[in-house]
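Residue numbers (full-length UniProt numbering): 1 to 87.
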């Protein structure tokens, strides 16, 4: 699976040092990565919660409600990622 993990970020940091990035620039990029993850998580949680509440108010059955909440999580995390990039 091609997931980004700490080993990938360690290799990226090594490449950045080879390209003569300062420690301050490397730290700024690490902080930006953390903020993106935070915004995406918060957005996903809020999207799933909103979709769940809308589904409950429309009286969806359990399986469609799960699908709506999953879609809300996806859309919320994408919106959170976008707001994280813009911030």
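We treat Cβ as the ideally placed atom computed from N, Cα and C, and that holds for glycine. Computed from a predicted model, the values in this text were never measured in an experiment.
*Is it a yes or a no for the region 42-49 touching the region 63-77, going by three-plus beta-carbon pairs under 8 Å?*
Here the region 42-49 makes contact with the region 63-77; the two share three or more CB pairs at distances below 8 Å.
Point to revise | Where the alpha helix (DSSP H) through residue 15 begins and ends | key: Looking at the DSSP string, the run of the alpha helix (DSSP H) that includes residue 15 is 6-18.
- Message: What does the alpha-carbon distance come out to for the pair residue 67 and residue 12?
- Response: Whole-angstrom Cα-Cα distance: 36 Å.
Exercise. Consult DSSP for residue 74 and reduce its assignment to one of helix, strand or coil.
Key: Three-state DSSP puts residue 74 in a helix.
Review point. I think residue 40 touches residue 72, with their Cβ atoms under 8 Å apart; what is that distance to the nearest whole Å?
Key: About 14 Å; that fails the 8 Å criterion.
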